[in-house]
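Using the working numbering, the final residue of the sequence shown is 383, and nothing's skipped along the way. For reference, the structure is listed below as structure tokens.
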Amino acid sequence: MTSAHLSLSVAAGERRAILWTRLLRRATPWLFSLPAVVFVAMFFGYPIVQNVVMSFQEYTTSTFYSGEAPWVGLANYVTILSSYLFTTTLVNTALFTIGSITFQFVIGLALALFFRRNFPLSGFLRAMLLLPWLIPLIASSAVWKWLLDQESGALNQFLGLFGVSAVPWLVDPTLALAGVIGVNIWLGIPFNVAILYSGLQAVPRELYEAGSLDGATGWKAFRHITWPNLRPVVSVVIVLGVVYTLKVVDIILGLTGGGPANSTQTLATNAYNKSFVEFNFGEGAAISNVLIVVSLAFALVYLYLSRREPSE
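Shown next, in the form of structure tokens:
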């Protein structure tokens, strides 16, 4: 082999090595992402696709034996959207979500501002606020169902000391939704306190010192210093809280089962009842997809806000 052929062979080998290095460098991020992609596709992507397909089928218990699920197109969506219960569940879902998020945020922000001050046992009390997170939700609903019981509930017994007659918190259609909202507020406060307290810790103390020189103390300091710096965290807390609240099922089922007279029935509990009580999986999947679309809208808002935050 001549020196010219040898040089060409070496040059070709170097080009192949460079090409493989470039390909490997480009493929490395994808290889690291591959396990996560596979996990999401298997445990999130496939169930969602299957749920969408199921919503266009007459999927019942017989399907598990026969393997046949006739294609019905939009019939399931027409049925649920034209049902009298859909409007009720939609209104209840909106009231349940708005009521829960509003009071969770207001109380959580007030407690976060309170715990920002250093005082004895502040750390211990903050830890105690996380207890609702440590208790299983079905256990929490059982305890609250006893507390709100009309006859022997601790809350009515306490009110009786002041001459207040027993209140049917969970059996009166006009009060049941308010009772369920109250329990959900109790459950959501720790999340709001934890996130908002972390956001408050990130606000530089120097801003308050500089603001105090200009007379910005108390409410003025909160309005012009705390709130503008806390706004990105507030957006995330509200969006995540809404997405979580929209799909609450266990608390409502544990307290009222969606009753009385469907007064606490929401989209999430209606989807559960259609699928696992009436075994009409097609209509249950259709209701679930409506709920997914609503949740996805808030998820997109969250992604938009999280991407915009660094530039701000």
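Backbone N, C-alpha and C define an ideal beta-carbon position, used for all residues, glycine too. Please read these numbers as outputs of a predicted model, since none were measured by experiment.
Leaving aside the five residues before and after Gln128 along the sequence, list all residues of the same chain whose C-beta is less than 7 Å from its C-beta, in chain order.
Stepping through the sequence shown from its first residue, residue 128 is reached at position 57. The residues are Ala140, Pro141, Trp142, Val143, Gly353.
Identify the residues that DSSP records as bridge partners of Gln128: which are they?
Against the sequence shown, residue 128 aligns to sequence position 57. According to DSSP, Gln128 bridges with Trp142.
Backbone secondary structure at Ile206 - three-state DSSP
Your numbering for residue 206 matches position 135 in the sequence shown. In the structure shown, Ile206 sits in coil (DSSP, three-state: anything other than H, G, I, E or B).
Just how far apart, CA to CA, sit Trp217 and Ile169?
Here residue 217 is taken as the residue at index 146 of the sequence shown, counted from 1. Here residue 169 is taken as the residue at index 98 of the sequence shown, counted from 1. Each residue's alpha carbon lies about 25 Å from the other.
Please go through the same chain and pick out, in chain order, the residues whose beta-carbon is closer than 6 Å to the beta-carbon of Tyr148, but skip the five residues on each side of it.
Numbered from its first residue, the sequence shown carries residue 148 at position 77. Ala357.
Contact check, Gln336 vs Leu156 under 8 Å by CB: the rounded distance?
Here the question's residue 336 lines up with position 265 in the sequence shown. Here the question's residue 156 lines up with position 85 in the sequence shown. Confirmed, about 7 Å.
Cβ distance (whole Å) where Ser154 is taken to contact Gly325 below 8 Å
One-based indexing of the sequence shown puts residue 154 at position 83. One-based indexing of the sequence shown puts residue 325 at position 254. That pair is no contact at about 25 Å.
Relative to the C-alpha of Ala342, which candidate in Ile256, Val361, Val274, Ser236 has its C-alpha closest?
As a position in the sequence shown, residue 342 is number 271, starting the count at 1. The option with the nearest alpha carbon to Ala342 is Val361.
Of the choices Tyr268, Leu367, Tyr375, whose alpha-carbon is the least far from that of Val177?
Translated into positions along the sequence shown, residue 177 becomes position 106. The shortest C-alpha separation from Val177 is found at Tyr268.
When Leu317, Gly355, Ala368 are compared against Asn163, the one with the closest alpha-carbon:
Residue 163 sits at position 92 when you count from the first residue of the sequence shown. Cα-wise, what sits closest to Asn163 is Leu317.
Environment of Asn398 [buried if 16+ CB atoms lie within 10 Å]:
The requested residue 398 is not part of the displayed model; the chain covers only 72 to 383.
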